[in-house]
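Here is the structure we will look at.
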Amino acid sequence: MVTYVSRGTDDDVHGVLAGFGLTGDIRRAPGPDGFDVVHVTLREADLQRVGESRIHTALEASLNCEVHIHTG
């Protein structure tokens, strides 16, 4: 049996962030299992306005991969 896993794109990240009125920097890195881990850097002020858990959940659902949120 062959299984295909769909992963979201950087454009998907920008779309999710735009839905919250945010912008951020995106970096992808291979995880230990070979799948992408997406690192998103947001401004601290943005995380005070929109809860990190809401952003994190929306990004993981859209991208179907592990997401790490950083501030900078």
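Counting from 60, one number per residue, gives the positions in the sequence shown under this note's numbering. Heads up, the beta-carbon is just placed ideally off N, CA and C, and yes, glycines get one too.
Where residue i sits in the DSSP three-state scheme
i    : result
D69  : helix
D105 : helix
T116 : helix
V75  : helix
Anticipated Cβ contact below 8 Å, residue i with residue j, distance rounded
i    : j    : result
T100 : H129 : 5 Å
F79  : V109 : 5 Å
Sub-8 Å separation of residue i and residue j beta-carbons
i   : j    : result
V97 : R87  : yes
D95 : R66  : yes
D70 : S121 : no
Proximal residues to residue i (C-beta, below 6 Å), its chain only, five neighbours per side dropped
i   : result
D84 : T100
Same chain, Cβ closer than 7 Å to residue i, five either side skipped, listed in chain order
i    : result
G131 : T100
G90  : V96, E125
Contacting residues, own chain, Cβ-Cβ under 8 Å from residue i (five flanking each side not counted)
i    : result
E111 : I128
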